[in-house]
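Each protein sequence line maps, in turn, to chains F and X.
For the first sequence, the residue numbers in this note's numbering are 18 to 548.
For the second sequence, the residue numbers in this note's numbering are 7 to 342.
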Amino acid sequence: MRTKLLATACTILALAAAHTASAKTLVYCSEGSPENFYPAINTTGTTFDASSRQLYNRLVEFKRGTTEVQPGLAESWDVSSDGLTFTFHLRHGVKWHTTKTFTPSRDFNADDVIFSFERQWKADNPYYKITSDNHSYFSDMGFPALLKAITKTDDYTVKFELKEPAAPFLADLAMDFASIISKEYADKMMQAGTPEKVDQEPVGTGPFMLVQYQKDAVIRYRAHPQYWAGKAAIDDLVFAITPDVSVRLQKLKANECQVIPYPAPADLDSIRKDSNLILLDQPGLNIGYLAFQTQKKPFDDKRVRQAINMAINKKAIIDAVYLSTGIIAKNPIPPVMWSYNDAVQDYPYDPEKAKKLLAEAGLPNGFETDLWAMPVQRPYNPNARRIAELMQADLAKVGIKAEIKSFEWGEYRKRAQNGEHQMVQLGWTGDNGDPDNFLHVLLGCDAVETNGGNVAKWCYKPFNDLIMEAVRVTDMQKRTELYKQAQVIFKEEAPWVTIAHSIQYVATRANVVDFKLSPFGHHEFYGVDLK
Amino acid sequence: MLRFVLTRASLIIPTFVGVTLLAFLLVHLIPGDPIETMAGERGIDPARHAQLRAEYGFDKPLMVQYGIYVGHVLRGDLGISAITHQRVIDEFRQLFPATIELSLCAVIFAIVVGIPAGMLAAVRRNSILDHGIMAMSLTGYSMPIFWWGLLLILLFSSVLGWTPVSGRVDVAYFIEPTTGFLLIDSLLSDQEGAFRSAVSHLILPTIVLGTVPLAVIARMTRSAMLEVLGEDYIRTARAKGLSPIRVVALHALRNALIPVITVIGLSVGTLFTGAILTETIFSWPGVGHWVVDGISRRDYPVVQGAVLMLGTVVMLVNLAVDLLYGLVNPRIRHTS
Numbered sequence: 018m019r020t021k022l023l024a025t026a027c028t029i030l031a032l033a034a035a036h037t038a039s040a041k042t043l044v045y046c047s048e049g050s051p052e053n054f055y056p057a058i059n060t061t062g063t064t065f066d067a068s069s070r071q072l073y074n075r076l077v078e079f080k081r082g083t084t085e086v087q088p089g090l091a092e093s094w095d096v097s098s099d100g101l102t103f104t105f106h107l108r109h110g111v112k113w114h115t116t117k118t119f120t121p122s123r124d125f126n127a128d129d130v131i132f133s134f135e136r137q138w139k140a141d142n143p144y145y146k147i148t149s150d151n152h153s154y155f156s157d158m159g160f161p162a163l164l165k166a167i168t169k170t171d172d173y174t175v176k177f178e179l180k181e182p183a184a185p186f187l188a189d190l191a192m193d194f195a196s197i198i199s200k201e202y203a204d205k206m207m208q209a210g211t212p213e214k215v216d217q218e219p220v221g222t223g224p225f226m227l228v229q230y231q232k233d234a235v236i237r238y239r240a241h242p243q244y245w246a247g248k249a250a251i252d253d254l255v256f257a258i259t260p261d262v263s264v265r266l267q268k269l270k271a272n273e274c275q276v277i278p279y280p281a282p283a284d285l286d287s288i289r290k291d292s293n294l295i296l297l298d299q300p301g302l303n304i305g306y307l308a309f310q311t312q313k314k315p316f317d318d319k320r321v322r323q324a325i326n327m328a329i330n331k332k333a334i335i336d337a338v339y340l341s342t343g344i345i346a347k348n349p350i351p352p353v354m355w356s357y358n359d360a361v362q363d364y365p366y367d368p369e370k371a372k373k374l375l376a377e378a379g380l381p382n383g384f385e386t387d388l389w390a391m392p393v394q395r396p397y398n399p400n401a402r403r404i405a406e407l408m409q410a411d412l413a414k415v416g417i418k419a420e421i422k423s424f425e426w427g428e429y430r431k432r433a434q435n436g437e438h439q440m441v442q443l444g445w446t447g448d449n450g451d452p453d454n455f456l457h458v459l460l461g462c463d464a465v466e467t468n469g470g471n472v473a474k475w476c477y478k479p480f481n482d483l484i485m486e487a488v489r490v491t492d493m494q495k496r497t498e499l500y501k502q503a504q505v506i507f508k509e510e511a512p513w514v515t516i517a518h519s520i521q522y523v524a525t526r527a528n529v530v531d532f533k534l535s536p537f538g539h540h541e542f543y544g545v546d547l548k
Numbered sequence: 007m008l009r010f011v012l013t014r015a016s017l018i019i020p021t022f023v024g025v026t027l028l029a030f031l032l033v034h035l036i037p038g039d040p041i042e043t044m045a046g047e048r049g050i051d052p053a054r055h056a057q058l059r060a061e062y063g064f065d066k067p068l069m070v071q072y073g074i075y076v077g078h079v080l081r082g083d084l085g086i087s088a089i090t091h092q093r094v095i096d097e098f099r100q101l102f103p104a105t106i107e108l109s110l111c112a113v114i115f116a117i118v119v120g121i122p123a124g125m126l127a128a129v130r131r132n133s134i135l136d137h138g139i140m141a142m143s144l145t146g147y148s149m150p151i152f153w154w155g156l157l158l159i160l161l162f163s164s165v166l167g168w169t170p171v172s173g174r175v176d177v178a179y180f181i182e183p184t185t186g187f188l189l190i191d192s193l194l195s196d197q198e199g200a201f202r203s204a205v206s207h208l209i210l211p212t213i214v215l216g217t218v219p220l221a222v223i224a225r226m227t228r229s230a231m232l233e234v235l236g237e238d239y240i241r242t243a244r245a246k247g248l249s250p251i252r253v254v255a256l257h258a259l260r261n262a263l264i265p266v267i268t269v270i271g272l273s274v275g276t277l278f279t280g281a282i283l284t285e286t287i288f289s290w291p292g293v294g295h296w297v298v299d300g301i302s303r304r305d306y307p308v309v310q311g312a313v314l315m316l317g318t319v320v321m322l323v324n325l326a327v328d329l330l331y332g333l334v335n336p337r338i339r340h341t342s
């Protein structure tokens with residue numbers, strides 16, 4: 018015990034000595050604690066912020082603040098003409114972190130890539146079950162069915178063979194679950210009988226190294242001095258875990274932290290007025306919508322769906338519920354996504370025209386329906402119940418009597434996927450910045466059956482043909498064209514009322530330079546500086 | 007005395023069984039399938055859902071699950087968190103010292119301020135002081151902790167800048183969690199200003215958490231004192247010519263303390279519940295916040311483990327109070 022205490026004291030002194038007084042420290046008041054430091058078994062932004070975004074790299078990366086894919090640990094890649102083989106040429110000289118439990122003996126190479134994916138793919142891999150075997154995103158993005166083989170031709174060339182062409186594949190590899198972890202470290206920890214350390218005391222190639230995690234309190238990072246893209250401007254990064262939203266703002270104002278996520282909508286004005294603070298905003302990669310059960314009457318009639326689109330006052334909903342944290346949605350994909358079709362015209366708010374359309378459809382006196390509202394707050398919908406109430410009032414004006422229903426969250430989503438509703442509120446947050454991730458997952462024909470994300474149960478061949486072709490084609494321009502056409506058809510057929518895209522906000526001190534909001538809601542600190 | 011101790015101690019076993027049963031059943035009464043809740047919008051493959059259910063043992067009958075659970079508990083295994091995949095007992099051990107530190111400070115604050123306040127109110131009965139103290143105690147008791155905490159932060163941290171906003175210590179201090187009690191660890195770390203920082207971070211959370219117990223202790227002390235001060239032996243003591251301070255502090259208080267000790271013991275339970283809100287506001291990394299997170303995420307093992315551990319602590323504290331009671335009041339230990 019005494020020697021341990023002495024060793025600890027010496028380590029602290031040594032670290033302190035190695036650190037000059039002019040070290041730049043940035044404190045980020047995060048909203049919650051990470052589950053662990055292995056991104057592949059988690060799905061929350063909180064955990065990704067603490068792990069994959071600071072500690073790891075991927076073969077390809079999203080350019081800061083965008084959904085554009087750029088080289089990461091792979092300098093370049095070739096795609097075979099049939100779209101089935103992706104060959105990645107890996108970067109040379111990428112150094113792993115040196116921590117108190119590990120000193121790397123070699124640079125990053127193809128073995129690490131193969132291990133990182135096989136850990137999530139092959140049940141017989143010794144690390145498959147370590148910490149957890151629930152590799153959610155690897156499954157969700159369809160990788161078990163998609164991947165045929167991952168092989169290396171030499172230490173710096175890795176080949177991914179797919180079973181069928183998949184244009185979004187590259188964007189998938191920029192996602193957090195595809196973070197590259199160290200095979201050497203994993204082998205060493207397995208030999209030492211402590212494999213779980215790989216996920217609790219992580220080693221990556223990323224811009225920051227984990228120094229210490231005090232559970233639920235503080236996470237400390239230090240800049241990786243040999244980061245391949247150049248050492249971060251910030252020397253010490255600290256996550257001060259602050260769950261309460263009002264307290265986060267007070268800490269920001271007191272300069273106890275320099276960046277805070279998710280400020281409360283009611284505080285946005287006061288942040289804007291404060292000259293010591295900057296408010297950054299960006300529409301999130303999400304959509305909140307009201308879906309019609311198009312396999313149930315009267316929602317199988319396009320006129321009824323269009324009428325309801327015209328009966329609902331979306332602006333009033335944004336003003337009352339989203340306040341300034343949402344923008345009206347006209348398309349099923351958000352404006353920040355490539356191929357967003359701005360030429361599409363939204364339905365006007367026109368209750369008179371709505372009544373006329375309903376009469377044409379044989380429902381001059383309206384009809385009765387249910388209207389489901391989520392019991393929880395979601396990133397794309399701050400208060401589903403309130404929105405349901407506003408919609409109920411709007412629909413009553415055109416003779417439609419809507420009964421508001423709600424279930425416990427897990428139940429809600431399951432029943433919606435079973436198609437038990439007539440009208441249901443739901444939403445989606447994008448994973449990889451590819452339109453396929455919205456249009457196929459939420460509106461494709463193969464997503465109609467139970468468990469699929471198509472709660473409108475809408476299978477429309479012209480739309481489906483377009484999006485299925487867009488998955489097979491790799492030429493960006495052609496894909497953009499196809500998706501633009503799909504959005505036009507969507508608007509005409511109206512299987513949903515697209516409600517809003519929520520805006521995400523981050524507040525920083527005025528001396529924080531170049532913090533960029535990610536459309537994925539991530540908080541990255543490489544490239545950020547303090548004046 | 008020994009018989010008294012043994013009788014009281016033997017009650018622990020049925021109480022403990024009751025706590026495990028309650029911890030287990032209550033958690034399973036929370037609506038919603040934990041696996042579905044974890045899946046969110048993404049949904050989950052039915053095969054995968056069935057697999058996870060089997061893994062967590064949710065597919066077995068409730069009483070069988072309970073039996074397995076008790077078996078594990080008796081071996082010291084509280085299970086693995088469904089969210090972090092760490093052992094529940096390890097997480098509890100990491101977080102509990104923070105809660106103890108805060109609760110202890112809150113209790114000491116409540117006693118040090120509450121008992122004298124109650125005594126003063128009793129001695130100056132029906133005066134402005136008495137009414138003032140009782141009014142403040144009623145306010146303190148009725149105040150929502152969340153609001154009270156935010157109010158104090160706004161005043162003392164934001165406007166006046168006298169105290170820090172939240173956390174246990176300034177993030178600039180890198181303190182190794184040797185004991186888990188930051189007051190001790192900061193002294194051990196030998197870093198300049200670390201101890202002061204730890205103390206200043208304790209001030210507001212202690213006041214907030216200690217407010218309700220303070221109010222209860224003050225009122226209890228006052229009414230117990232009033233009862234005692236009306237007794238014959240007090241009149242005798244005064245007639246004997248003893249100084250008022252000796253009468254009140256030595257004779258009256260000692261007897262008045264008996265119900266107050268009981269109330270202090272009961273307060274421990276309140277402190278843990280109050281700690282949940284206080285810990286959230288002040289970003290205090292203790293078990294209160296951990297339990298709340300576990301409930302909203304349907305992390306059954308964490309909620310069960312926390313209810314069990316906290317229930318056990320409350321049980322042991324009340325046992326200690328009972329024994330102390332017997333020590334302080336000879337009539338109790340001789341009649342049992």
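From the three backbone atoms N, C-alpha and C, an ideal C-beta is built for every residue, glycine too.
Fair warning: this is a prediction, and the values are worked out from it, not measured in the lab.
- By the 16-neighbour rule on beta-carbons within 10 angstroms, His518/F is buried.
- The continuous alpha helix (DSSP H) containing Phe507/F extends over residues Met493 to Glu510.
- Proximity of the region 335-347 of chain F to the region 297-307 of chain F meets the contact definition, three or more beta-carbon pairs being nearer than 8 Å.
- Between the region 94-114 of chain F and the region 138-145 of chain F, the count of Cβ pairs shorter than 8 Å is below three; the stretches do not touch.
- Not a single CB atom of chain F sits nearer than 9 Å to the CB of Ser203/X.
- Within the DSSP secondary-structure output, Ile258/F pairs in a beta bridge with Ser47/F.
- Scanning chain F for C-beta atoms nearer than 9 Å to the C-beta of Pro103/X yields nothing, as the closest lies near 11 Å away.
- Within chain X, the residues whose beta carbon sits less than 7 Å from that of Glu273/F are Pro170 and Val171, listed in sequence order.
- Using a Cβ distance threshold of 9 Å, Glu233/X and Ala255/X do not count as a contacting pair.
- Put simply, the CB of His34/X is far from chain F, with every gap to its CB atoms at 9 Å or more.
- For Arg123/F, no beta strand (DSSP E) segment is defined, and its DSSP state is neither H nor E.
- Contact between the region 112-123 of chain X and the region 213-230 of chain X is present, with at least three C-beta pairs closer than 8 Å.
- As the crow flies, the alpha-carbon of Gly247/X is around 33 Å from that of Ile270/X.
- Look at Asp171/F here: in three-state DSSP terms it is strand.
- Burial of Asn59/F is indicated by the presence of at least 16 other C-beta atoms within 10 angstroms of its C-beta.
- Under the three-state reduction of DSSP, Asn481/F is assigned to helix.
- Check the Cα spacing between Phe537/F and each of Asp298/F, Ala337/F and Thr515/F: the tightest is with Asp298/F.
- Membership of Pro161/F in the alpha helix (DSSP H) is indicated by the continuous run Phe160 to Leu163.
- Judged by DSSP in its simplified three-state form, Pro368/F adopts helix.
- Listed along chain X are Thr90, His91 and Gln92, each with a C-beta nearer than 8 Å to that of Asn53/F.
- Ranked by how close their Cα comes to the Cα of Leu534/F, the residues Asn53/F, Asp66/F and Phe455/F have Asp66/F in first place.
- Interface with chain X (9 Å Cβ-Cβ cutoff): Gln229/F is included.
- The count of Cβ pairs closer than 8 Å, one atom from the region 315-326 of chain F and one from the region 489-496 of chain F, stays below three, leaving the stretches out of contact.
- Between Asp233/F and chain X, the shortest Cβ-Cβ separation is below 9 Å.
- Beta-bridge analysis with DSSP links His518/F to Ile344/F.
- At a cut-off of 9 Å between beta-carbon atoms, Phe288/X makes contact with chain F.
- Annotation for Gly305/F: the continuous beta strand (DSSP E) segment containing it runs Asn303 to Phe309.
- Under the DSSP definition of a beta bridge, Gln231/F partners with Val235/F.
- Rounded to whole angstroms, the separation of the alpha carbons of Asp411/F and His438/F is 19 Å.
- Under DSSP, the beta-bridge partners assigned to Trp445/F are Ile304/F.
- Look at the region 255-266 of chain F: the residues with a C-beta under 7 Å from a C-beta of chain X are Val255, Ala257, Ile258, Thr259, Pro260, Asp261, Ser263 and Val264.
- Taking 9 Å as the cut-off, the Cβ atoms of Val96/F and Val130/F do not count as close.
- Between Ile106/X and Leu325/X, the beta carbon gap of about 17 Å keeps them out of contact (Cβ cut-off 8 Å).
- When the alpha-carbon of Ala204/X is set against those of Ala104/X, Ser302/X and Leu333/X, the nearest one is in Ala104/X.
- Per DSSP, Lys205/F lies in no beta strand (DSSP E) segment; the continuous alpha helix (DSSP H) that holds it begins and ends at Lys200 to Gln208.
- Judged by beta-carbon spacing, Glu425/F lies within the 9 Å limit of Gly38/X, meaning their Cβ atoms are closer than that value.
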